[in-house]
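Residue numbering for the sequence shown is 16 to 165, as defined by our numbering.
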Amino acid sequence: MTRGQRNNNPLNIRRSTNRWVGRREIVTDKEFEEFTTMAYGYRAAWKLMETYRLKLREEERSYTLENIIRRWAPPEDGNDTTAYLHTVIRQLDYKVGGRQPLPSPACREGHKLFARILAAMTCVECGIRPDKVDKQSIEKGWKLAFGEKV
């Protein structure tokens, strides 16, 4: 089991001062958040994707897959950001290369696309195969993030 799976944090969200809904009361990992369920880990990821959209708009930058990945896994933190982006693009079977503007993950239009993006990012973050991604928890996480009943 990977660290992201043990922590119910499939996108390896770093610890911060944010008091995430669904965060474990007792945490032992000094670097990464820990959630009570995988659905709450995905809820946090969905919320961050929407936050990135708003921040990129404030910076007058496009909300593209490339800009999301560059923010999520910046090269200055020692990440191979280009390889990360290409892996996600390959799994999504994107033809355009990650530079087209994306819809909000909170809307119905963005929901389906971002479910696939989060699944691909989980593969990179946890080093697991696409068929091992917990897609039900991705869906539950979206409902928890954006107000629909689970």
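Every residue gets a Cβ at the ideal spot worked out from N, C-alpha and C, and that includes glycine.
(request) Measure the Cβ-Cβ separation of F47 and R29 and say whether it is below 8 Å. (result) For this step, residue 47 is matched to residue 32 along the sequence shown. For this step, residue 29 is matched to residue 14 along the sequence shown. Between F47 and R29, the C-beta gap is smaller than 8 Å, which places the two residues in contact.
(request) Using the DSSP secondary-structure output, state which residues sit across from R38 in a beta bridge. (result) Indexing the sequence shown from 1 puts residue 38 at position 23. Bridge pairing for R38: F50 [DSSP].
(message) Looking at the secondary structure, which residues open and close the alpha helix (DSSP H) in which M136 lies?
(response) Indexing the sequence shown from 1 puts residue 136 at position 121. That run of the alpha helix (DSSP H) goes R123 to C141.
(message) Using C-beta distances below 6 Å, list every residue in its chain close to E140, excluding the 5 sequence neighbours before and after it, in chain order.
(response) By 1-based counting over the sequence shown, the position of residue 140 is 125. Once the five neighbours on either side are set aside, the close Cβ partners of E140 are G19, L26 and N27.
(message) Below 8 Å on the Cβ atoms is my contact criterion, and I expect T188 with N23 to pass it. Report the Cβ-Cβ distance as a whole number of Å.
(response) A query on residue 188 cannot be resolved here, the shown segment of the chain reaching from 16 to 165 and no further.
(request) Check each candidate in E91, D92 and W87 and name the one with the smallest Cα separation from L100. (result) For the purposes of this step, residue 100 is taken as residue 85 along the sequence shown, with counting starting at 1. Out of E91, D92 and W87, W87 has the C-alpha closest to the C-alpha of L100.
(message) If I measure Cβ to Cβ from R72 and keep anything under 8 Å in the same chain, skipping five residues before and after, which residues do I get?
(response) For the purposes of this step, residue 72 is taken as residue 57 along the sequence shown, with counting starting at 1. Contacts found: Y78.
(request) Drop a sphere of 10 angstroms on the beta-carbon of Y57, count the other beta-carbons inside from all chains shown, and report buried for 16 or more, exposed for fewer. (result) As a first step, residue 57 is located in the sequence shown; it is residue number 42 there, counting from the start. So Y57 ends up on the buried side.
(request) Decide if A98 is buried, meaning its Cβ has at least 16 other Cβ atoms within 10 Å, or exposed. (result) Locating residue 98 in the sequence shown gives position 83, counting from the first residue. Exposed is the call here.
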